[in-house]
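Below: the structure, in structure tokens.
Set out below in structure tokens:
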């Protein structure tokens, strides 16, 4: 009976919309790798694609676009690559997080990082419940939420939105955000370059260093506050009444 239930469960996963999303994300990742390989083969600027892609994965969209502008990448490619990397990320992570969310509801154990992302989305359900698709777009577009496209996609799931409209909205939101970041950095770097040609590179290095330091500090703080790392209160050893004599 257990084997039959497990088989049905796997079949439901394979036939679900989430599995289709994961398949599209996998194909997009392969296409990106092939494009980088082709650029390398023909002696074109493949390293810019790799640098921007990994910077966005590790430090976020804003820093990646800042680095791309500092490297002198074409504005159209900057917006395209920023949107593409975010789309691949959300297409690959969304199905895993939805499965984790269902496990969380069922009381099964969930990875702490996934649980944190799900809880981050849950905190915004009440705020965006009445806006639906428009709310997801704003959530991904506006930078002050600082939670990224993956949390935005999970928020769409928690709001009961259909999978593919949610994916399309998230991609549209991240493309709009990328264009806004590009305009901001292009204006800022143009002004900084008038002061000195090396200032944009220094600004980018400081920005990356500050964000890396903040991430490391946040991780260390999480580890210190984890239940397993808390020290039990010290208790004084009981004294034998005979010692008083």
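In this note's numbering, the protein residues as written are 436 to 680.
Cβ coordinates follow ideal geometry from the N, Cα and C atoms, glycine included.
- The C-alpha of residue 594 is placed about 12 angstroms away from the C-alpha of residue 558.
- A direct Cα-Cα distance of roughly 15 angstroms separates residue 532 from residue 458.
- Looking only at 645, 626 and 568, the smallest Cα-Cα distance to residue 603 is reached by 568.
- Following the DSSP letters along the chain, one finds residue 455 inside the alpha helix (DSSP H) bounded by residues 452–476.
- Between residue 545 and residue 535, the gap from beta carbon to beta carbon is short of 8 angstroms.
- Check the Cα spacing between residue 499 and each of 642, 659, 526 and 648: the tightest is with 642.
- The count of Cβ pairs closer than 8 angstroms, one atom from the segment 613–621 and one from the segment 504–524, reaches three, so the stretches are in contact.
- Within the same chain, Cβ atoms closer than 6 angstroms to the Cβ of residue 591 are found at 571 and 601, the five residues on either side in sequence being excluded.
- The shortest CA-to-CA distance from residue 551 to any of 462, 529 and 586 is the one to 586.
- The Cβ atoms of residue 453 and residue 619 lie no closer than 8 angstroms to each other.
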